[in-house]
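Take a look at the structure set out below.
Number of protein chains: 2
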Amino acid sequence: MIETINLADKFALIDQPWDPRIAAELNGQHVRLAKLAGRFVWHHHSEADEFFLVVKGRLRMGLRDGGPERWVDVAEGEMIVVPRGVEHCPEAEQEAYVLLFEPAETVNTGNVRNDRTRDHLGRV
Amino acid sequence: MIETINLADKFALIDQPWDPRIAAELNGQHVRLAKLAGRFVWHHHSEADEFFLVVKGRLRMGLRDGGPERWVDVAEGEMIVVPRGVEHCPEAEQEAYVLLFEPAETVNTGNVRNDRTRDHLGRV
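Protein chains in written order, with the working numbering: chain L, 27 to 150; chain A, 27 to 150.
See below:
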């Protein structure tokens with residue numbers, strides 16, 4: 027059954043930050059929704075490029091992509107792609123809502139395992 | 027070079043409806059941006075599921091997915107996934123802005139070839 031998916035309705039179902047949920051699956055990729063608050067963990071994905079669209083609020087993305095570590099502001103209505111292998115660390119000073127595109131097998135903490143690792147994502 | 031991509035700035039660069047542009051590429055997939063106005067053409071993609079997020083305005087998606095032909099409203103802030111093989115026809119009574127996520131090799135008119143077919147997409 028093909029149905030529309032309302033972003034606001036779906037985000038309203040997410041209680042916790044750093045708890046990505048699957049909103050749609052297509053072509054082996056996930057569309058995930060997550061609330062962010064505070065700083066995540068530095069990590070990379072060796073096999074996956076990762077796309078972020080800021081739906082609400084503001085994201086700061088820490089990047090170690092060759093030069094000195096830097097932090098890039100990603101405002102509401104802006105997107106960023108972090109290529110595979112690049113160490114990154116999402117941060118949101120205020121709560122932010124983010125839509126992600128990435129391969130379905132991508133683990134949120136990449137090469138790192140800690141209490142924020144989510145191996146099995148719920149749907150929303 | 028990793029850079030942010032601003033949706034409003036990118037849409038401002040698109041002059042014509044039904045002229046999808048590549049905003050980002052990752053994992054063999056495209057993030058495309060398109061302005062829609064009027065009715066497109068009924069078509070399907072035999073090898074690609076297609077994701078639409080309405081960034082501005084309202085999309086009506088014609089669907090022939092088993093039952094009688096139907097038209098689904100997709101409002102601003104809503105998404106829809108059209109699975110491979112399903113005949114569909116996007117329509118926008120007023121100009122709408124849409125973000126698409128689909129395999130990089132996907133041709134916009136799918137199994138149909140007409141004056142709206144775009145084999146080689148520009149970037150934006």
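Note that the Cβ used here is the ideal one computed from N, Cα and C, for glycine as well.
Quantities reported herein were computed from a predicted structural model and do not represent experimental measurements.
Contacts around residue i, its chain only, beta-carbon distance under 7 Å, and the 5 residues preceding and following it disregarded
i              : result
V133 (chain L) : T143 and D145
R110 (chain L) : H71, S72, E73, A74 and D75
Proximity test, Cβ basis, 7 Å: residue i and chain A
i              : result
F66 (chain L)  : no
E104 (chain L) : yes
V124 (chain L) : no
D141 (chain L) : no
D145 (chain L) : no
Residue i Cβ short of 6 Å to the ligand SAH heavy atom set
i             : result
F37 (chain A) : You won't find the ligand SAH in this model; it holds no ligand whatsoever.
Bridge partners - residue i, DSSP secondary structure assignment
i             : result
D99 (chain A) : A:R86
A60 (chain L) : L:V124
Rounded separation between residue i and residue j - CA only
i              : j              : result
G136 (chain A) : N140 (chain L) : 44 Å
I31 (chain L)  : L39 (chain L)  : 13 Å
R96 (chain A)  : L89 (chain A)  : 5 Å
R86 (chain L)  : M105 (chain L) : 11 Å
A101 (chain A) : V124 (chain A) : 11 Å
Min CB distance residue i to chain L below 7 Å
i              : result
I31 (chain A)  : yes
P13 (chain A)  : Lying outside 27 to 150, the shown extent of chain A, residue 13 (chain A) is not represented and no answer is given.
F78 (chain A)  : no
V133 (chain A) : no
6 Å CB neighbourhood of residue i in its chain, flanking five on each side removed
i             : result
W44 (chain L) : R142
Close-in-space but distant-in-sequence residues of the same chain around residue i (CB under 8 Å, 5 per side omitted)
i              : result
Q42 (chain A)  : K61
P129 (chain L) : G54, Q55, H56, E73 and A74
According to a CB-to-CB cut-off of less than 7 Å, which residues of the stretch 88–101 of chain L neighbour chain A?
Flagged, chain order: L89, D91, V98 and V100.
Short of 9 Å Cβ to Cβ, which residues in the stretch 38–66 of chain L face chain A?
Under the 9 Å Cβ criterion, the stretch 38–66 of chain L contributes A49, A50, E51, L52, N53, G54, Q55 and V57.
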